[in-house]
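J.: Could you have a look at this structure, given as structure tokens, before my questions?
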Amino acid sequence: MDYREVDSTSEYVCRLEHGADWREEIETFADKRSIDAGFFYGLGAVQDAELMFYDQDRTEYDSMTFDEPLEVAACMGNVSHLDGERFAHTHAVLSRPDGEAIAGHLNRATVWAGELYVRAFDAKLKREHDDATDLDLWNV
Amino acid sequence: MDYREVDSTSEYVCRLEHGADWREEIETFADKRSIDAGFFYGLGAVQDAELMFYDQDRTEYDSMTFDEPLEVAACMGNVSHLDGERFAHTHAVLSRPDGEAIAGHLNRATVWAGELYVRAFDAKLKREHDDATDLDLWNV
Amino acid sequence: MDYREVDSTSEYVCRLEHGADWREEIETFADKRSIDAGFFYGLGAVQDAELMFYDQDRTEYDSMTFDEPLEVAACMGNVSHLDGERFAHTHAVLSRPDGEAIAGHLNRATVWAGELYVRAFDAKLKREHDDATDLDLWNV
Chain A
1 MDYREVDSTS EYVCRLEHGA DWREEIETFA DKRSIDAGFF YGLGAVQDAE
51 LMFYDQDRTE YDSMTFDEPL EVAACMGNVS HLDGERFAHT HAVLSRPDGE
101 AIAGHLNRAT VWAGELYVRA FDAKLKREHD DATDLDLWNV
Chain X
1 MDYREVDSTS EYVCRLEHGA DWREEIETFA DKRSIDAGFF YGLGAVQDAE
51 LMFYDQDRTE YDSMTFDEPL EVAACMGNVS HLDGERFAHT HAVLSRPDGE
101 AIAGHLNRAT VWAGELYVRA FDAKLKREHD DATDLDLWNV
Chain G
1 MDYREVDSTS EYVCRLEHGA DWREEIETFA DKRSIDAGFF YGLGAVQDAE
51 LMFYDQDRTE YDSMTFDEPL EVAACMGNVS HLDGERFAHT HAVLSRPDGE
101 AIAGHLNRAT VWAGELYVRA FDAKLKREHD DATDLDLWNV
């Protein structure tokens with residue numbers, strides 16, 4: 001596999017703002033701290049969520065909207081550049097009152113409460129079109 | 001969002017003790033190593049588990065008990081101070097013999113086997129009551 | 001619980017190769033970079049997967065095969081030595097087109113796309129047989 005050795009430049013603990021969008025919060029933060037590459041990990045709860053699943057045959061994302069309060073059991077993702085802007089590639093495992101888990105690529109979600117660890121690297125990662133998957137993947 | 005830049009003071013790989021309580025193990029360890037702020041990540045299996053879901057309307061946690069062996073597919077959480085004691089805010093994704101995933105806020109679980117990475121920071125994070133959510137959130 | 005304080009020797013961002021095996025990619029990388037202890041975190045998608053559940057009564061793994069495209073909502077694991085070879089103990093939460101999550105111990109999965117953060121430690125972790133669980137656990 002392709003890889004790049006990185007050094008960490010800074011690390012943060014963050015509290016997401018109640019009522020804000022989960023992913024947008026991360027991207028705004030990355031802009032503010034000029035994070036060009038990083039990984040983040042989080043937990044909390046959201047008031048609703050839009051998850052996406054990538055159809056590998058049609059090579060398109062399909063969207064699912066969950067208009068209900070959900071725990072964020074685990075959130076994992078990374079920051080890199082896509083089309084000249086910082087993009088937070090965000091996956092999440094959410095859960096319902098009976099414990100049922102739903103998961104996928106997180107497009108947006110309204111924060112109820114959220115706690116994040118963010119680790120920034122001394123690299124600039126860019127996403128470029130990949131023919132095999134029709135996705136925008138890293139140039140590591 | 002609110003954030004605090006931190007530096008890491010120490011990091012650990014840990015083996016949870018068979019038969020002990022998953023969350024208590026982490027809190028006892030945090031006390032032993034005087035960890036006032038940190039994040040942890042883990043995987044393993046448990047013999048049973050109590051998960052909780054936060055009802056955003058009633059602003060109360062509801063408890064669910066699973067009296068069955070479960071894989072710990074992913075566990076993520078952090079250490080901070082709550083009411084003068086170290087508290088391990090722990091979320092987990094668990095799974096059943098057919099792969100079905102259940103998830104949420106982990107209150108307690110009897111360890112079958114568990115492996116953890118813990119990263120401690122040079123900060124003291126405290127939880128204080130937040131009016132908007134009726135939860136105890138960080139003072140970052 | 002048993003633990004070992006470690007220092008990080010190197011960290012990497014990685015792009016898993018389309019069509020390769022998810023776990024084998026990590027083990028090959030660990031061999032290439034001589035990683036004797038480490039943790040990794042990832043997200044992406046796979047074309048199929050074999051998950052395993054450890055039956056705590058029979059002390060045996062049972063295998064489940066999912067021959068379908070799945071998102072990798074969260075993947076967490078570690079690298080250590082088992083029977084003289086580097087082993088990537090890998091857990092994952094996967095998801096279906098409707099968001100349904102399945103999870104467990106990941107034995108193999110064909111990569112569609114995958115992004116990983118790997119952190120290597122200045123330690124050599126070995127797995128040895130543990131009587132209580134009949135598993136190969138760390139000698140921390």
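Protein chains in written order, with the UniProt record's numbering: chain A, 1 to 140; chain X, 1 to 140; chain G, 1 to 140.
Ideal placement from N, C-alpha and C gives every residue a C-beta, glycine not left out.
1. Quick one: what's residue 105/X bridged to in DSSP?
2. If you drop the 5 nearest sequence neighbours on each side, which residues of the same chain put their C-beta closer than 8 Å to that of residue 6/X?
3. Does the segment 64–76 of chain A come into contact with the segment 78–88 of chain G, if we say contact requires no fewer than three beta-carbon pairs (one atom in each stretch) closer than 8 Å?
4. Where does residue 143/G sit, in a helix, a strand or coil, going by DSSP?
5. Could you confirm whether any beta carbon from chain G is found closer than 8 Å to the beta carbon of residue 72/A?
6. Of all Cβ atoms in chain G, is any one closer than 8 Å to the Cβ of residue 10/X?
7. Can you say whether residue 23/X is buried or exposed, counting buried as having 16 or more other CB atoms within 10 angstroms of its CB?
8. For residue 48/G, which three-state DSSP category applies?
9. What are the partner residues of residue 74/G, as DSSP defines its beta bridges?
10. Against chain G, with Cβ distances strictly below 8 Å, would residue 77/X count as a contact?
11. Beta-carbon within less than 6 Å of residue 10/A's beta-carbon, same chain only, minus the 5 sequence neighbours each way: which residues are those?
12. Name the DSSP beta bridge partners of residue 21/A, please?
13. What do you get for residue 101/X, buried or exposed, if any count of 16 or more other CB atoms within 10 angstroms of its CB means buried?
14. Can you tell me the Cα-Cα spacing of residue 78/G and residue 39/G, whole angstroms?
15. Taking the beta strand (DSSP E) that residue 128/X belongs to, which residues open and close that run?
16. If we call anything under 8 Å between Cβ atoms a contact, is residue 13/A one with residue 111/A?
17. Can you tell me the Cα-Cα spacing of residue 55/G and residue 20/A, whole angstroms?
18. What residues from the segment 85–98 of chain A come within 9 Å of chain B, judged by C-beta to C-beta, listed N to C?
19. Does DSSP put residue 85/G in a helix, in a strand, or in coil?
20. Taking the CB atoms as reference points, tell me whether residue 49/G and residue 74/X lie closer together than 8 Å.
21. Taking just the CA atoms, how far does residue 140/X sit from residue 115/A?
22. Applying the 10 Å Cβ sphere with the 16-neighbour rule, what's the burial state of residue 129/G?
23. Check the C-beta distance from residue 72/A over to residue 103/A and give it rounded, since I have them as a contact under 8 Å.
24. For residue 27/A, does the three-state DSSP call read helix, strand or coil?
25. Write down the C-beta distance between residue 53/A and residue 3/X rounded to the nearest angstrom, noting that I regard them as a contact closer than 8 Å.
26. Alpha carbon to alpha carbon, what distance is there between residue 118/G and residue 41/G?
27. Kindly say whether residue 29/G, judged by its beta-carbon, lies nearer than 8 Å to any beta-carbon of chain X.
28. Could you work out which residue in 76/G, 105/G, 113/G is closest to residue 135/A when comparing CA atoms only?
29. Count the other CB atoms within 10 Å of the CB of residue 109/G; is the residue buried (16 or more) or exposed (fewer)?
30. Can you confirm whether residue 112/G, when its beta carbon is compared against all beta carbons of chain A, has any partner nearer than 8 Å?
31. So, is the C-beta of residue 138/X closer than 8 Å to a C-beta in chain A?
32. When burial is assigned at 16 or more other CB atoms within 10 Å of the CB, is residue 15/A buried or exposed?
33. Suppose you measure from the CA of residue 99/X to the CA of residue 51/G; what does that come to, to the nearest Å?
34. Is it right to say residue 60/G is buried, meaning 16 or more other beta carbons lie within 10 angstroms of its own, or is it exposed?
35. Alpha carbon to alpha carbon, how far is residue 105/X from residue 43/G?
T.: With the structure as the only source:
1. The residue labelled residue 105/X in the question sits at position 105 within the second sequence. Residue pairing of residue 105/X in beta bridges, as defined by DSSP: 91/X.
2. Looking up residue 6/X in the second sequence gives position 6. For residue 6/X, where only same-chain residues beyond five positions count, the Cβ hits under 8 Å are 37, 121, 122, 123.
3. Output reads no: the segment 78–88 of chain G does not touch the segment 64–76 of chain A.
4. Past the edges of chain G, shown from 1 to 140, lies residue 143/G, and the structure says nothing about it.
5. Taking the first sequence and counting its residues from 1, one reaches residue 72/A at position 72. Not one chain G Cβ lies under 8 Å of residue 72/A.
6. Position 10 of the second sequence, counted from the start, is the residue given in the question as residue 10/X. Chain G contact via Cβ: present.
7. Within the second sequence, numbered from 1, the residue matching residue 23/X stands at position 23. By the 10 Å Cβ count, residue 23/X comes out buried.
8. Position 48 of the third sequence, counted from the first residue, corresponds to residue 48/G. Note: residue 48/G maps to strand in three-state DSSP.
9. Here residue 74/G refers to the residue found at position 74 of the third sequence. In the DSSP output, where bridge partners are listed per residue, residue 74/G has 93/G.
10. As a first step, residue 77/X is located in the second sequence; it is residue number 77 there, counting from the start. Using a CB distance cut-off of 8 Å, residue 77/X does not count as an interface residue toward chain G.
11. On the first sequence, position 10 is the one that residue 10/A refers to. Excluding its 5 nearest sequence neighbours in each direction, residue 10/A has C-beta neighbours in its own chain below 6 Å: 120, listed in chain order.
12. Position 21 of the first sequence, counted from the first residue, corresponds to residue 21/A. Answer is 110/A.
13. The residue labelled residue 101/X in the question sits at position 101 within the second sequence. Looking at its Cβ environment, which holds 16 or more other Cβ atoms inside 10 Å, residue 101/X is buried.
14. Residue 78/G sits at position 78 when you count from the first residue of the third sequence. Residue 39/G sits at position 39 when you count from the first residue of the third sequence. Here the alpha carbon of residue 78/G sits roughly 4 Å from the alpha carbon of residue 39/G.
15. Counting from 1 along the second sequence, the entry for residue 128/X is found at position 128. First-last of the beta strand (DSSP E) with residue 128/X: 127–130.
16. To locate residue 13/A, count along the first sequence from 1; it is residue 13. To locate residue 111/A, count along the first sequence from 1; it is residue 111. No.
17. Translated into positions along the third sequence, residue 55/G becomes position 55. Translated into positions along the first sequence, residue 20/A becomes position 20. For residue 55/G and residue 20/A, the distance between alpha carbons rounds to 42 Å.
18. Considering every chain present, this structure includes no chain B. Its protein chains are A, X and G.
19. Within the third sequence, the letter at position 85 stands for residue 85/G. Assigned with DSSP and collapsed to three states, residue 85/G falls in strand.
20. In the third sequence, counting from the first residue as 1, residue 49/G sits at position 49. In the second sequence, counting from the first residue as 1, residue 74/X sits at position 74. Not closer than 8 Å, so no.
21. Counting from 1 along the first sequence, the entry for residue 115/A is found at position 115. Counting from 1 along the second sequence, the entry for residue 140/X is found at position 140. It is roughly 10 Å from the alpha-carbon of residue 115/A to the alpha-carbon of residue 140/X.
22. Here residue 129/G refers to the residue found at position 129 of the third sequence. Residue environment for residue 129/G: exposed (fewer than 16 other C-beta atoms within 10 angstroms of its C-beta).
23. Position 72 of the first sequence, counting from 1, holds the residue named residue 72/A. Position 103 of the first sequence, counting from 1, holds the residue named residue 103/A. Rounded, the Cβ-Cβ distance is 11 Å, inconsistent with contact.
24. As a working mapping, residue 27/A is identified with position 27 in the first sequence. Collapsing the DSSP output to three states places residue 27/A in a helix.
25. On the first sequence, position 53 is the one that residue 53/A refers to. On the second sequence, position 3 is the one that residue 3/X refers to. The beta carbons of residue 53/A and residue 3/X sit about 31 Å from each other, so the pair does not count as a contact at 8 Å.
26. What you label residue 41/G is simply residue 41 of the third sequence in a count that begins at 1. What you label residue 118/G is simply residue 118 of the third sequence in a count that begins at 1. Straight-line spacing of the CA atoms in residue 41/G and residue 118/G works out to 7 Å.
27. Counted from its first residue, the third sequence places residue 29/G at position 29. Residue 29/G does not count as touching chain X.
28. Taking the first sequence and counting its residues from 1, the one referred to as residue 135/A is at position 135. The residue with the shortest Cα to Cα distance from residue 135/A is 113/G.
29. Against the third sequence, residue 109/G aligns to sequence position 109. Looking at its Cβ environment, which holds 16 or more other Cβ atoms inside 10 Å, residue 109/G is buried.
30. Position 112 of the third sequence, counted from the start, is the residue given in the question as residue 112/G. So yes, residue 112/G belongs to the interface.
31. Locating residue 138/X in the second sequence gives position 138, where the first residue counts as 1. At a cut-off of 8 Å, the C-beta of residue 138/X has a neighbouring C-beta in chain A.
32. As a working note, residue 15/A is residue 15 in the first sequence. Residue 15/A should be labelled buried.
33. On the second sequence, position 99 is the one that residue 99/X refers to. On the third sequence, position 51 is the one that residue 51/G refers to. The alpha-carbon of residue 99/X is positioned some 7 Å away from that of residue 51/G.
34. Taking the third sequence and counting its residues from 1, the one referred to as residue 60/G is at position 60. Exposed.
35. In the second sequence, counting from the first residue as 1, residue 105/X sits at position 105. In the third sequence, counting from the first residue as 1, residue 43/G sits at position 43. Taking the straight line from one Cα to the other gives about 21 Å.
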